[in-house]
Amino acid sequence: DQQVKQNSPSLSVQEGRISILNCDYTNSMFDYFLWYKKYPAEGPTFLISISSIKDKNEDGRFTVFLNKSAKHLSLHIVPSQPGDSAVYFCAATTSMDSSYKLIFGSGTRLLVRP
Amino acid sequence: GAGVSQSPSNKVTEKGKDVELRCDPISGHTALYWYRQSLGQGLEFLIYFQGNSAPDKSGLPSDRFSAERTGGSVSTLTIQRTQQEDSAVYLCASSFSSVRSPLHFGNGTRLTVT
Numbered sequence: 822d823q824q825v826k827q828n829s830p831s832l833s834v835q836e837g838r839i840s841i842l843n844c845d846y847t848n849s850m851f852d853y854f855l856w857y858k859k860y861p862a863e864g865p866t867f868l869i870s871i872s873s874i875k876d877k878n879e880d881g882r883f884t885v886f887l888n889k890s891a892k893h894l895s896l897h898i899v900p901s902q903p904g905d906s907a908v909y910f911c912a913a914t915t916s917m918d919s920s921y922k923l924i925f926g927s928g929t930r931l932l933v934r935p
Numbered sequence: 008g009a010g011v012s013q014s015p016s017n018k019v020t021e022k023g024k025d026v027e028l029r030c031d032p033i034s035g036h037t038a039l040y041w042y043r044q045s046l047g048q049g050l051e052f053l054i055y056f057q058g059n060s061a062p063d064k065s066g067l068p069s070d071r072f073s074a075e076r077t078g079g080s081v082s083t084l085t086i087q088r089t090q091q092e093d094s095a096v097y098l099c100a101s102s103f104s105s106v107r108s109p110l111h112f113g114n115g116t117r118l119t120v121t
């Protein structure tokens, strides 16, 4: 039972263009969502988050959009840079869970071509 | 300051042997999590520690897996009688235990069971 799904295992974009990574979830109790970036042989690093009371959060080149009715969120990277090439994980949690454990998707591998 | 430290970075063991994986969380972080990532999969929650509270063990896949956290700091994940399906990258993370406190991950221990 996958509560967080990233249906695109990979994405390739040209440098300077927009990268859009998508994520769907099934658990309506999720109220906080995060994106992590992972380089090979390293642990995931936090990128950006959004609370369910918002529909957009922006941090520099990174913007996360949340559509609660569709149980869908997306990460936009503009402009994309070769250094953005990594695996991106979507994660979700609920403040009802006292451990705040994150439920992760399976990841999308982004390749930004120079 | 230093990030989350995990050791060993790589471990190869024979099927049926026991292994111990170690995690040193970020100083001051009260919450500690273990996750694992199998090949081509997302991050799977294993166990959560918070202060002196009983750990959340809901993600442990079998009774061969156990973990402890001594003195509210260092944690050890033990896998007894390892099986080939235990092969994965085991990731430790720590945080301030708030829904809005991102998890900080170590670089993981790559476990290979032959």
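Chains as they are written, first to last, in this note's numbering: chain B, 822 to 935; chain Y, 8 to 121.
Here a beta-carbon is modelled for each residue, glycine too, at the ideal position from N, C-alpha and C.
Given a cut-off of 7 Å on the beta-carbon distance, is the pair B/V825 and B/G926 in contact? Yes.
Might you give, ordered along the chain, the residues of its own chain that have their beta carbon closer than 8 Å to the beta carbon of B/P903, omitting 5 neighbours on each side? E836, V933, R934, P935
Since B/E863 meets chain Y, which of its residues come closer than 7 Å, beta carbon to beta carbon? N114
Any beta strand (DSSP E) of 3 or more consecutive residues that is wholly inside the segment 867-932 of chain B: 877-880, 883-888, 893-898, 907-914
Distance, Y/G23 Cα to B/L896 Cα: 43 Å
Give a yes or no on whether the C-beta atoms belonging to B/Y789 and B/S872 are separated by under 7 Å. There is no way to answer for residue 789 of chain B, as the model of chain B reaches only from 822 to 935.
Just tell me which of B/A907, B/A891, B/Q823, B/I924 has its CA closest to the CA of B/E863. B/A907
For the beta strand (DSSP E) that contains Y/Y97, what are its first and last residues? Run containing Y/Y97: 95-102, per the beta strand (DSSP E) assignment.
Beta-carbon separation of Y/S82 and Y/L50 under 7 Å? For Y/S82 and Y/L50, no; Cβs fall outside 7 Å.
Can you grab the Cα-Cα spacing for the pair B/Y921 / Y/V19, in whole Å? Just so you know, the alpha carbons of B/Y921 and Y/V19 end up roughly 32 Å apart.
Buried versus exposed call for Y/Q44 [16 or more other C-beta atoms within 10 Å across all chains shown]: By the neighbour-count rule (16 or more Cβ atoms within 10 Å), Y/Q44 is buried.
So, with DSSP's three-state summary, where would you put Y/T119? Y/T119: strand per DSSP, three-state reduction.
Between the C-alpha atoms of Y/G10 and B/S831, what's the straight-line distance to the nearest angstrom? Pairing Y/G10 with B/S831, the inter-Cα distance amounts to about 29 Å.
Strictly under 7 Å for the Cβ-Cβ distance: is B/G945 near chain Y by that measure? The question about residue 945 of chain B has no answer here: the residues shown for chain B are numbered 822 through 935.
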